[in-house]
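**Student:** My numbering puts the last residue of the sequence shown at 227; the count rises by one with no breaks. For glycine and all other residues, C-beta sits at the position ideal for the given N, C-alpha and C.
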Amino acid sequence: MSFTSARRTARNLHRVLHCNSFSKAPSHRISPLSIGYVRTLSSKNEATPASYISGSQTHFGFETVDIADKEPRVKQVFANVADSYDVMNDFMSMGIHRYWKDELVKSTGISSISKILRQQPHGEQKTKFSILDVAGGTGDVAFRFVDAAGCKDRAKSSGTDEISVTVCDINPDMLRVGEARAKSKYGSDLMDQSQALKFVIGNAQKLKESQLDDESFDLYTIA
Numbered sequence: 005m006s007f008t009s010a011r012r013t014a015r016n017l018h019r020v021l022h023c024n025s026f027s028k029a030p031s032h033r034i035s036p037l038s039i040g041y042v043r044t045l046s047s048k049n050e051a052t053p054a055s056y057i058s059g060s061q062t063h064f065g066f067e068t069v070d071i072a073d074k075e076p077r078v079k080q081v082f083a084n085v086a087d088s089y090d091v092m093n094d095f096m097s098m099g100i101h102r103y104w105k106d107e108l109v110k111s112t113g114i115s116s117i118s119k120i121l122r123q124q125p126h127g128e129q130k131t132k133f134s135i136l137d138v139a140g141g142t143g144d145v146a147f148r149f150v151d152a153a154g155c156k157d158r159a160k161s162s163g164t165d166e167i168s169v170t171v172c173d174i175n176p177d178m179l180r181v182g183e184a185r186a187k188s189k190y191g192s193d194l195m196d197q198s199q200a201l202k203f204v205i206g207n208a209q210k211l212k213e214s215q216l217d218d219e220s221f222d223l224y225t226i227a
């Protein structure tokens, strides 16, 4: 990809991600990366959230479009840039996104958590720790969790890992790139044997319609 092409793609992606319809995002989102400790992912007793878009139209970059048209358009943008998405992140953030993600993972204490869980006696039902990385597409955050938790070395032993990381993304092209990167980086054992890493198609706004069980995750991240 040429510098001119990368700059054009980055500019278009920036317009989509920073259009006006995102200006009413929840006020607690104070950084490019968000994290939450959750005991459950459950639809029980859920209040219906208020819509952050009113009316029948919204913005897509510099265009005004019907609300129903926006999601497929955004999906197409990410499908178009999936193979160069990580390069775009480096380009648009001048590489700072790597620091953000390192700090995100460090703040969870996953390294210590994994060491404690792996000291559990054999033969007993083991406590596990499940992480859900939403909009995780190409696996950038998930791989950091895998590395910090030592999942690659754990995969050399038998049985399923005490740590599991699930990447959930609405775009199959982004997940395709993520899975390919995972196999290139770790081989197939993490996904097939120890089951420390998996990729699932899902909509962040409709998680209960995805292949995710209620009350099954301990940590939720979204970038």
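Which complete alpha helix (DSSP H) runs does the region 157–203 hold, if anything under 4 residues is left out?
**Tutor:** 176–190 and 193–196
**Student:** Between Y224 and I135, is the Cβ-Cβ spacing less than 9 Å?
**Tutor:** Position 220 of the sequence shown, counted from the start, is the residue given in the question as residue 224. Position 131 of the sequence shown, counted from the start, is the residue given in the question as residue 135. Against a cut-off of 9 Å, the Cβ pair of I135 and Y224 comes out as a contact.
**Student:** Suppose contacts are defined by Cβ-Cβ distances below 9 Å. Is N84 in contact with D144 by that definition?
**Tutor:** Numbered from 1 along the sequence shown, position 80 holds the residue referred to as residue 84. Numbered from 1 along the sequence shown, position 140 holds the residue referred to as residue 144. Not a contact, by the Cβ cut-off of 9 Å.
**Student:** Does the beta-carbon distance from I117 to A153 come in below 9 Å?
**Tutor:** Here residue 117 is taken as the residue at index 113 of the sequence shown, counted from 1. Here residue 153 is taken as the residue at index 149 of the sequence shown, counted from 1. In contact: I117 and A153 (Cβ atoms closer than 9 Å).
**Student:** Quick check on A86: buried or exposed, where buried means 16 or more other Cβ atoms within 10 Å of its Cβ?
**Tutor:** Within the sequence shown, residue 86 is the residue found at index 82, counting from 1. Label assigned to A86: buried.
**Student:** Can you tell me whether K61 is helix, strand or coil according to DSSP?
**Tutor:** Reading the sequence shown from its first residue, position 57 is the one you call residue 61. The question names Lys, yet the displayed sequence has Gln at residue 61. In the structure shown, Q61 sits in a strand (DSSP, three-state: E or B).
**Student:** Closest by CA to T164, which one among F149, G206, M96 and L201?
**Tutor:** By 1-based counting over the sequence shown, the position of residue 164 is 160. Comparing C-alpha distances from T164 to each of F149, G206, M96 and L201 shows the shortest one belongs to L201.
**Student:** At what residue ranges does the region 103–158 contain a whole run of the beta strand (DSSP E), taking only runs of 3 or more?
**Tutor:** 133–138
**Student:** In this structure, how does DSSP classify E67 when only helix, strand and coil are distinguished?
**Tutor:** Looking up residue 67 in the sequence shown gives position 63. Three-state result, E67: strand.
**Student:** Based on Cα-Cα distance, which residue from F133, S198 and M178 lies nearest to S161?
**Tutor:** The count along the sequence shown starts at 1 and reaches residue 161 at position 157. It is S198 whose Cα lies nearest to the Cα of S161.
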